[in-house]
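Notes for the one structure printed next.
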Amino acid sequence: MTESYRPRRSVLYVPASNDKALAKIALLSCDAIIIDLEDAVAPADKIAAREKLPAIFASRPAANNLGHRCEMVVRVNALASEWGADDLLAVAKVEPDGILLSKVATPRDILEVGDVLDDNFASDSVKLWAMIETPKALLNIGAMAELGRDPASRLNCFVAGTNDLAKDTGVLVTPDRRYLVPWLMQMVLAARAGGLDMLDGVANDFRDLDAFARECVEGAAMGFDGKTLIHPAQIDAANRAFAPSPEAVAEARLIKDAFSRGENTGKGVIALNGKMVERLHLAQAEKLLAKAAAIGA
């Protein structure tokens, strides 16, 4: 489990047009980087930004001391835009860990991209991430999530696009996100049904790190795997909030050790410290321990 788990606690957007930000990638402690060709790049700069991709990926960071390399994903422009098709072909050539699709609305939007990657002989290791950022995407999220059960679809992760959702719906974004929470929980539920990771949306005020930390803690409690970020100052708070606590790790080890005892190996339910513990709790404990091992917690 440790080898297959990839932490995505902190996922930072970096504009492909920002040379200063690109130069600092190797120094960052985030779990993943999204090289952004879409919202963060002005229309006049989009072609030049795309042309930087080979150099960006030629100098991607090496693995850390745990043997894990920062995931590198590229967000492409919507396929219906004037840049989308060329973005996709250029990204396929550099073979990132993932391609983040913007403005998807139906399963067909994802399947068509997978077909393009297959036709251009992109490695199976190139996965697809999908932004959930429009009302139509939210209405169709269950059908899209089902693709996660089919490895041929390449779909691996959903990303909440809360800014676009707020723009398209007119919902008021309050500090506690009370009006967005039902939709966020719907995203988590769909992602789990499809076996996908689910990343929370960005927090726009990167200067208010206390508010950001609270939002991370709430996102972790809601079931998100991590949070998308717009500034390196947000990385540490996200890494803390989406990491298992020492108490949770200790409890998980107790559960795993208890089930490994000879007298318990064939049991479906055991008593541990006055509580009934089932094998579903063992599965949860093993997943948490794999996550802890992957991040060195």
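Reminder that position 154 of the sequence shown reads as 154 in the UniProt record's numbering, one-by-one numbering, no gaps.
The C-beta atom is built at its ideal place from N, Cα and C for all residues, glycine as well.
{"Asked": "Local conformation of V181 per DSSP, three classes", "Found": "helix"}
{"Asked": "Backbone CA spacing between Y13 and R60 [nearest angstrom]", "Found": "15 Å"}
{"Asked": "E82 versus V126: straight-line alpha-carbon distance, rounded", "Found": "23 Å"}
{"Asked": "Three-state secondary structure (DSSP) of C216", "Found": "helix"}
{"Asked": "Pairwise C-alpha distance: I34 and K167", "Found": "22 Å"}
{"Asked": "Test item: CB-CB of L88 and V76 under 7 Å", "Found": "yes"}
{"Asked": "Proximity winner among A78, E71, A193, relative to L37 (alpha-carbon distances)", "Found": "A78"}
{"Asked": "Within 7 Å, strictly: CB atoms of V249 and A292", "Found": "yes"}
{"Asked": "Proximity to L280 [Cα-Cα], best of A252, V173, P43, A294", "Found": "A252"}
{"Asked": "Under the three-state DSSP convention, the category V277 falls into", "Found": "strand"}
{"Asked": "Collapsed DSSP secondary structure at A90 in the structure displayed", "Found": "helix"}
{"Asked": "Limits of the unbroken beta strand (DSSP E) element including F206", "Found": "Run containing F206: none; DSSP gives neither H nor E here."}
{"Asked": "The stretch 185-201 contacting the stretch 151-161, beta-carbon criterion three pairs below 8 Å", "Found": "yes"}
{"Asked": "Alpha helix (DSSP H) segments (min. 4 residues) lying fully within the stretch 213-277", "Found": "235-241, 246-260"}
{"Asked": "C-beta atoms of I235 and S29 nearer than 7 Å", "Found": "yes"}
{"Asked": "Length-filtered (3 minimum) beta strand (DSSP E) runs lying within the stretch 12-58", "Found": "32-36"}
{"Asked": "Identity of the residue in K93, G268, A297 nearest P54 by Cα", "Found": "K93"}
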